[in-house]
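Step one of this worksheet: look at the structure below.
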Amino acid sequence: MARVRECGYYDIIVIGCGIVGAAIARDLSRYALKIAVIDKSSDLPSGASRANSSMLHGGFDDEPGLLKAKLCAKGNRMYRPLSEELDFKIRDCGSFVCAKGAEEEKHIEKLYEQGKANGVIGLEIVSGDKLREKEPNAAPDITAALWCSSGAIVNNFEATLAFIDNACQNGASLFTETEVTGLLFDDAGANISGVSTNRGNFRAPIVINAAGTYTDVISRMAGDDSFKIYPTRGEYFIFDRSAGNLVTSFLFSCPSALGKGITVARTADDNLLIGPTSVRQTDREDTGTTIPGLDEAFEGAKRLVPRIPRNMSITTFAGVRANIDIGDFCIKAADKPRGFVNVAGIKSPGFTSAPAIAEYVAEIIKDSFGGIVKLEKNPTFNPERKHIPRFSELSNEERAELARKDPKWGQIVCRCESVTEAQVVEAVRRGARTVMGVKMWVRPGMGRCQGGFCSPMVVEILARELGLSPLEITRQGGNSKLLTGMTKSPLLPEELS
Ligand SMILES: Cc1cc2nc3c(=O)[nH]c(=O)nc-3n(C[C@H](O)[C@H](O)[C@H](O)COP(=O)(O)OP(=O)(O)OC[C@H]3O[C@@H](n4cnc5c(N)ncnc54)[C@H](O)[C@@H]3O)c2cc1C
112 MARVRECGYY
122 DIIVIGCGIV
132 GAAIARDLSR
142 YALKIAVIDK
152 SSDLPSGASR
162 ANSSMLHGGF
172 DDEPGLLKAK
182 LCAKGNRMYR
192 PLSEELDFKI
202 RDCGSFVCAK
212 GAEEEKHIEK
222 LYEQGKANGV
232 IGLEIVSGDK
242 LREKEPNAAP
252 DITAALWCSS
262 GAIVNNFEAT
272 LAFIDNACQN
282 GASLFTETEV
292 TGLLFDDAGA
302 NISGVSTNRG
312 NFRAPIVINA
322 AGTYTDVISR
332 MAGDDSFKIY
342 PTRGEYFIFD
352 RSAGNLVTSF
362 LFSCPSALGK
372 GITVARTADD
382 NLLIGPTSVR
392 QTDREDTGTT
402 IPGLDEAFEG
412 AKRLVPRIPR
422 NMSITTFAGV
432 RANIDIGDFC
442 IKAADKPRGF
452 VNVAGIKSPG
462 FTSAPAIAEY
472 VAEIIKDSFG
482 GIVKLEKNPT
492 FNPERKHIPR
502 FSELSNEERA
512 ELARKDPKWG
522 QIVCRCESVT
532 EAQVVEAVRR
542 GARTVMGVKM
552 WVRPGMGRCQ
562 GGFCSPMVVE
572 ILARELGLSP
582 LEITRQGGNS
592 KLLTGMTKSP
602 LLPEELS
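The sequence shown begins at 112 in this note's numbering and counts up one residue at a time.
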């Protein structure tokens with residue numbers, strides 16, 4: 112029998128590098144621990160952390176007493192200092208939940224009371240007219256709204272990358288394209304001893320399951336089938352920046368049993384975002400958009416802002432929520448096998464809650480596994496990291512200064528988003544391996560032409576920097592190759608690679 116490859120010994124393995132796994136790794140990197148973060152995707156973020164509304168919820172949506180209510184309000188408070196330490200974009204815009212008529216007004220009063228009980232600050236119920244003073248494009252039949260000044264929106268790509276980037280600077284190791292296929296136990300089966308993957312076995316006495324929509328699958332590997340994940344898709348439109356100023360804050364419809372309802376928002380990068388829908392599906396990863404889904408998102412958004420110009424949409428996307436059948440986040444250490452921790456059912460407000468979830472998990476490790484690992488301070492822990500300079504936001508003097516040092520700063524690759532060759536090169540140096548990976552790091556392809564101009568150049572730079580043939584570069588890993596062969600070349604494709 113072929114021997115399984117051994118991929119190393121760690122103190123803690125985190126399965127999944129969405130915002131939750133990344134925040135956990137970053138928080139644990141404060142301690143002198145050997146941490147491995149394992150994700151099956153080629154580029155991060157993947158899963159729900161790639162495709163969501165990126166709203167930092169105030170924390171009024173969930174009933175007091177629920178773990179998600181507590182962690183959302185706390186996570187919201189943690190994000191501002193974190194955005195400074197870790198250099199990711201955040202827009203403090205505030206949010207409105209909009210009511211039309213007496214029935215919905217009763218609902219926002221309930222949310223107001225819930226928010227107060229959850230310790231949310233900056234809540235106020237305002238009239239429809241007051242809402243329209245701030246948001247002149249809001250629908251004339253909105254009669255009242257719940258204003259939450261602590262609502263904000265982040266750049267979800269930058270935030271997730273910032274957490275894992277800083278964790279790795281502080282000693283954690285990230286393994287992408289590495290899929291956990293099983294768990295490993297000691298001989299008696301009482302303790303976890305690692306994970307098996309497509310690359311081989313990784314050993315550790317503590318394994319944290321932060322695998323998003325797959326958390327129930329991983330949990331079953333540990334013998335715990337106490338919850339089930341119901342993947343639930345949400346579809347969105349993104350509009351050109353010129354439509355971004357239709358609103359300045361985050362507008363919500365009144366929530367329903369299915370979720371927080373359709374929203375209209377200006378993103379951290381000033382585009383207009385509308386969506387999401389909420390439709391259960393069996394597939395845990397299918398992020399295709401559908402005509403009925405998009406129509407529903409558009410009609411729902413028009414109820415909030417009637418003037419949305421559909422012809423200014425530049426793209427559509429969908430994300431899959433890890434809805435869980437127990438009604439709350441499921442974050443706990445298993446009694447058996449010892450060393451296994453579930454961080455499951457992290458649906459909305461999971462992005463908001465992530466930094467608080469990370470602290471909660473560190474407490475679990477301290478309380479439950481003190482005998483297995485010691486949480487001693489990492490003497491070289493540095494809480495700060497810098498994002499790649501955002502050329503589009505620099506002054507002409509700053510741009511000229513960078514271009515003097517490296518001419519690649521003067522070479523524009525993406526015209527819509529003003530991204531330079533130097534930014535793409537730096538994204539690759541920091542770990543981007545695909546066109547989508549580069550896009551999430553520094554935004555080429557996020558603008559009006561959606562990559563029509565820059566994709567060939569991004570492919571060329573990726574190939575050059577990674578020492579590969581352009582034919583080997585993929586859109587987002589796996590079989591998503593972009594090129595089938597060279598034109599006007601006397602060589603066959605196999606001779607080129
Ligand atoms: C449509 C939508 C809108 C939302 N809006 C908001 C919002 O406005 N505000 C908010 O706070 N929250 C929001 N959320 C929720 C938020 O996005 C999630 O709670 C959060 O992103 C979950 O992060 P995660 O790290 O748990 O999971 P994910 O981001 O899904 O990450 C899980 C990771 O695990 C990896 N993985 C899975 N299986 C394996 C395996 N076997 N081996 C290795 N790796 C594996 C995946 O590749 C993935 O990278 C929204 C979610 C959706 C879908």
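Just so you know, even glycine gets a beta-carbon here, dropped at the ideal spot from N, CA and C. The structure displayed is predicted, hence computed values, not measured ones.
Length of the line joining the Cα atoms of residue i and residue j
i: V125; j: D351; result: 37 Å
i: R391; j: I236; result: 32 Å
i: V253; j: T374; result: Rather than Val, the amino acid found at residue 253 in this sequence is Ile. Cα to Cα, the separation comes out at about 14 Å.
i: M189; j: R114; result: 46 Å
i: R421; j: A249; result: 16 Å
i: R344; j: P387; result: 8 Å
i: F409; j: I349; result: 11 Å
i: K241; j: G226; result: 21 Å
i: N493; j: Y471; result: 21 Å
i: A133; j: N590; result: 26 Å
i: N281; j: E195; result: 17 Å
i: D394; j: T400; result: 13 Å
i: A315; j: A301; result: 14 Å
i: L491; j: V484; result: The identity of residue 491 in the sequence shown is Thr, whereas the question assumes Leu. The alpha-carbon atoms of T491 and V484 are separated by roughly 19 Å.
i: A574; j: P567; result: 11 Å
i: L415; j: E495; result: 39 Å
i: A278; j: Y121; result: 15 Å
Residues near residue i by beta carbon distance below 6 Å, same chain, minus five either side
i: A184; result: G170, N229, G230, V231
i: A273; result: L197, F199
i: F286; result: I149
i: V168; result: Here the sequence assigns His to residue 168, which means Val is not the residue at that position. Hits under 6 Å: C183, P460, T463.
i: G129; result: P156, G158, S160, G323
i: Q501; result: In the sequence under discussion, the amino acid at residue 501 is Arg, which differs from the Gln named in the question. Excluding sequence neighbours, R501 sits near nothing in its chain.
i: S284; result: A147
Same chain, Cβ closer than 7 Å to residue i, five either side skipped, listed in chain order
i: E528; result: S503, R554, P555, M557, G558
i: F480; result: I317, G450
i: A162; result: T398, F428, A429, G430
i: E509; result: none
i: S261; result: G169, N187, V231, I232, G233
i: A354; result: L383, P420, M423
i: K550; result: G556, M557
CB of residue i within 8 Å of CB of residue j, strictly
i: V291; j: T271; result: no
i: D198; j: H498; result: yes
i: G119; j: F313; result: yes
i: P417; j: K179; result: no
i: E246; j: K151; result: no
i: E346; j: G404; result: yes
i: R530; j: A379; result: The amino acid occupying residue 530 in the given sequence is Val; Arg does not appear at that position. Cβ atoms of V530 and A379: not closer than 8 Å.
i: N489; j: R141; result: yes
i: A299; j: I201; result: no
i: Y223; j: L257; result: yes
i: L357; j: L384; result: no
i: T585; j: L593; result: yes
i: Q561; j: I425; result: yes
i: V536; j: E487; result: no
i: S464; j: G205; result: no
i: N267; j: S165; result: yes
i: R540; j: D276; result: no
i: G239; j: A213; result: no
i: I572; j: V452; result: no
i: R116; j: G311; result: yes
i: K516; j: E532; result: no
Contacting residues, own chain, Cβ-Cβ under 8 Å from residue i (five flanking each side not counted)
i: C365; result: V208, C209, A210, K211, E215, H218, I219, G372
i: L294; result: I303, G305, V306, S307, V318, I329, M332, A333, P448, F451
i: D203; result: R191, A263
Distance between beta carbons of residue j and residue i, contact taken as under 8 Å
i: G456; j: I468; result: Going by Cβ atoms, the distance from G456 to I468 rounds to 11 Å, so no, they are not a contact pair.
i: V524; j: V546; result: Not confirmed; about 12 Å, so no contact.
i: D466; j: L139; result: A small correction: the amino acid at residue 466 is Pro; Asp does not occupy that position in the sequence shown. Not quite, the Cβ-Cβ distance comes to about 13 Å (not below 8 Å), so this is no contact.
i: I329; j: A433; result: That pair is no contact at about 12 Å.
i: G521; j: S153; result: Going by Cβ atoms, the distance from G521 to S153 rounds to 30 Å, so no, they are not a contact pair.
i: F338; j: I435; result: 5 Å
Touch test, the region 474 to 482 against the region 441 to 451, Cβ-Cβ under 8 Å, three pairs minimum: In the pairwise beta carbon analysis, the region 474 to 482 is classified as touching the region 441 to 451: at least three pairs are separated by under 8 Å.
Three-pair Cβ contact test at 8 Å for the region 155 to 169 versus the region 317 to 335: yes
Cβ pair count under 8 Å reaching 3, the region 137 to 157 against the region 113 to 127: Result yes; three or more Cβ-Cβ pairs closer than 8 Å.
Test item, CB below 5 Å from any non-hydrogen atom of ligand 2: Ligands displayed in this structure: ligand 1; ligand 2 is not among them.
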